[in-house]
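**Q** Have a look at this one.
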Amino acid sequence: MRPDSVRSFVAAAALLAIAATSGCSNTGTGPEAGPSVEEDTSSSSRIVPPPAAPSRPGPPPVTPPPSTPVPLIVSATWADSDFGVTLKVAPTPAGREAWGALDADAAWQEVLQLAPDADTPGMREQFDCHWTWARILEPDKPTWNLEPWRPVVADEQMLAEGCNPGGPEV
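Take the sequence shown: its letter number 22 is residue 405 in our numbering, and every next letter is one higher.
As structure tokens, this is what we get:
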């Protein structure tokens, strides 16, 4: 066979293969009518591949729920001590690592949700001292103990007394 004849034979065989696998109905138009084969009137034959089959639609995209803040405090539990009551505040691992400007406020709000009666003079100041300094000086301390019987003092005295003004650490 001559090269032109071989080329024509291969082209015709390819057209037949396409028609056999994808149908050759001439009914209907549009994308659901199936692939089309264009007729070429030039001297050399060419095969026009069928358009790509439409892909099946996947599941609709999932919209994530609004982000829920990571808890900073795992518990706030009242206990008795030799000096009076103490609130044992246990930070979560995220609470030990949070350094954002608003994190202390968010953590204190979590304490108040767990122990609403903790909102007394001096308690927030003790909490802030622990939030700022205890995490650095004693990063593995299991709880930060806050006592409502401690006096309200200036930040400098709070720090000088290790976040426990007016008495020993409980």
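We treat Cβ as the ideally placed atom computed from N, Cα and C, and that holds for glycine.
(1) Along the chain, where does the alpha helix (DSSP H) containing residue 463 start, and where does it finish?
(2) My output table needs one value for residue 496: the three-state DSSP class, helix, strand or coil.
(3) Rounded C-beta distance between residue 510 and residue 468? I'm assuming under 8 Å.
(4) Taking the alpha carbon of residue 494 as the reference point, which residue from 549, 538 and 454 has its own alpha carbon closest?
(5) Using the C-alpha atoms, what's the distance from residue 470 back to residue 463?
(6) Check residue 485 in the structure and name its three-state DSSP category.
(7) With a threshold of 16 other CB atoms inside 10 Å of the CB of residue 456, please say whether the residue is buried or exposed.
(8) Note down the Cα distance separating residue 537 from residue 548, rounded to an integer number of angstroms.
(9) Can you tell me the Cα-Cα spacing of residue 535 and residue 481, whole angstroms?
(10) Identify the residues that DSSP records as bridge partners of residue 473: which are they?
(11) Closest to residue 553 by CA distance: which of 540, 543 and 532 is it?
(12) Suppose the cutoff is 6 Å on Cβ atoms and the five residues either side in sequence are ignored; what does the same chain contact list for residue 460 look like?
(13) So if DSSP puts residue 550 in a beta bridge, which residue, or which two residues, is it bridged to?
(14) Is the separation between the beta-carbon of residue 514 and that of residue 487 shorter than 8 Å?
(15) Of the residues 525, 524 and 520, which one's Cα is nearest the Cα of residue 542?
**A** According to the structure data:
(1) It is not in any alpha helix (DSSP H) - residue 463 instead sits in the beta strand (DSSP E) that spans 456-464.
(2) Residue state, collapsed to three classes: helix.
(3) Contact between residue 510 and residue 468 does not hold, since their C-beta atoms are separated by about 15 Å, which reaches or exceeds 8 Å.
(4) Out of 549, 538 and 454, 454 has the C-alpha closest to the C-alpha of residue 494.
(5) Cα-Cα distance, rounded: 9 Å.
(6) In the structure shown, the three-state DSSP call for residue 485 is coil.
(7) Result: buried.
(8) In a straight line, the C-alpha of residue 537 is about 10 Å away from that of residue 548.
(9) One alpha carbon belongs to residue 535, the other to residue 481, and they sit about 26 Å apart.
(10) Partner(s): 458.
(11) Distance from the Cα of residue 553 is smallest, within the candidate group 540, 543 and 532, for 532.
(12) 471, listed in sequence order.
(13) Beta-bridge analysis with DSSP links residue 550 to no other residue.
(14) Closer than 8 Å, so yes.
(15) Proximity to residue 542 across 525, 524 and 520 peaks at 520, based on C-alpha coordinates.
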